[in-house]
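Okay, so here's the structure we're looking at.
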Amino acid sequence: MSTAGDVAARILTERAHGRVERNGSIAPLTSYRLGGPADVMLEAAGVEDLEALAAAIKETGVPVLVVGRGSNMLVSDRGFDGVALRLGAGFRWSNASGRTIEAGGAMPLPALATLAMHHELAGFEFAVAIPASLGGAVRMNAGAHGHEIAEVLSSVDVFVLPDGTRRRLSAEKAGFSYRRSDLPAGSIVTAASLTLRTGTTEAIVAGMNEAKEWRRRTQPLNLPNGGSVFKNPPGDHAARLIEQVCGKQLRVGGARISEVHANFIVAEDDARADDVYTLLRRIQRMVREDTGVELEPELKLIGEFEEVPDGSHRG
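Residues 250 to 564 in the numbering used here are what the sequence shown lists, from first letter to last.
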């Protein structure tokens, strides 16, 4: 553990109410189930724990990784030299009033889609097919089935590190675009407000079932993966380019292109994060050399990676 990590662990152990763990494993918190440990794991019980984290950053400069539900994330086999933060029970709340749903940043999107259905609120059916927390989904403007979070978001509450300030931003101020936002650097989404439209339970349930069936039909659900690996380039689809150039047989170690969807890399039992990373870079180069298109990763790469040489074998 780094000196900064050691000091941060001491500060958090003294001040935080939530769980603090040294050399905590990140892998079980991610959808890939890969990667090494973080210097420190913090499950924040409430805003007070975020204030403790801000104090630790001010004293040590330790980096912070917000884990959320761990989708669209690949953590290095070497782990993360810093504090891995997960929002805990104090951020898992929700309520509905009129056409508005307010919720904490740790709430799973499928649970919020179900809440909307129970209140006959339409427009959020697509979210039942996104395995993410509200905070992470807002941060990257997550989407599925032709829709995205920005369509229904009215405001977002953030806690800004390291200064520890709290801000409420309108959707317009959040600066949403395709799979990204312009939320302040170092900010953690602690809550958000959604504005939906009235609908009938029957129609909403049908929309949710359609979204779930779409996910079942188009995504590999039987093996660990991190969701879409690349963003779609303007006017095209990453999956089409990958399948055209690479096919669906390409693999590195325990990582391979999914047979269900070419823009997914799945991890078999013997996979390492370096395998996934190497395959990602290999796909990127092959598509660039063949088509001139530079695929931009949608997968967030955490830590330091090493490419696996062609034809190498692991002992």
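For glycine and all other residues, C-beta sits at the position ideal for the given N, C-alpha and C.
ask   = Using a Cβ-Cβ cut-off of 6 Å (strictly less than) and excluding sequence neighbours within five positions of D412, which residues of its own chain qualify?
value = none
query = Pick from D518, V542, F513 and D539: whose alpha carbon is nearest that of L528?
reply = F513
task = Out of L283, R268 and T309, state which residue places its alpha-carbon closest to the alpha-carbon of I275.
result = L283
Helix, strand or coil at E555 according to DSSP, with G and I counted as helix = coil
ask   = Which residues share a DSSP beta bridge with A441?
value = A352 and V405
task = Reducing DSSP to helix, strand and coil, say where A393 ends up.
result = strand
query = Would P357 be called buried (16 or more neighbouring beta carbons within 10 Å of its own) or exposed?
reply = buried
task = Determine the burial state of P483: buried for a count of at least 16 other Cβ atoms within 10 Å of its Cβ, exposed for fewer.
result = exposed
N321 (DSSP reduced to helix, strand or coil) = coil
ask   = If we count Cβ pairs, one from each stretch, closer than 8 Å, do we get three or more for the stretch 347-357 versus the stretch 421-428?
value = no
Inter-residue Cα distance where the pair is N272 and L334 = 13 Å
Proximal residues to T262 (C-beta, below 7 Å), its chain only, five neighbours per side dropped = V269
request  = Compare the Cα-Cα distances from D485 to each of H367, W463 and L544 and report the closest residue.
outcome  = L544
key: Status (buried if at least 16 other CB within 10 Å, exposed otherwise) for T439   = buried
ask   = Would DSSP call R428 helix, strand or coil?
value = coil
key: Other residues of its chain near I260: CB distance less than 7 Å, five sequence neighbours each side excluded   = A301, A304, A305 and E308
message = Just to confirm, is the Cβ distance from M389 to R417 under 7 Å?
response = no
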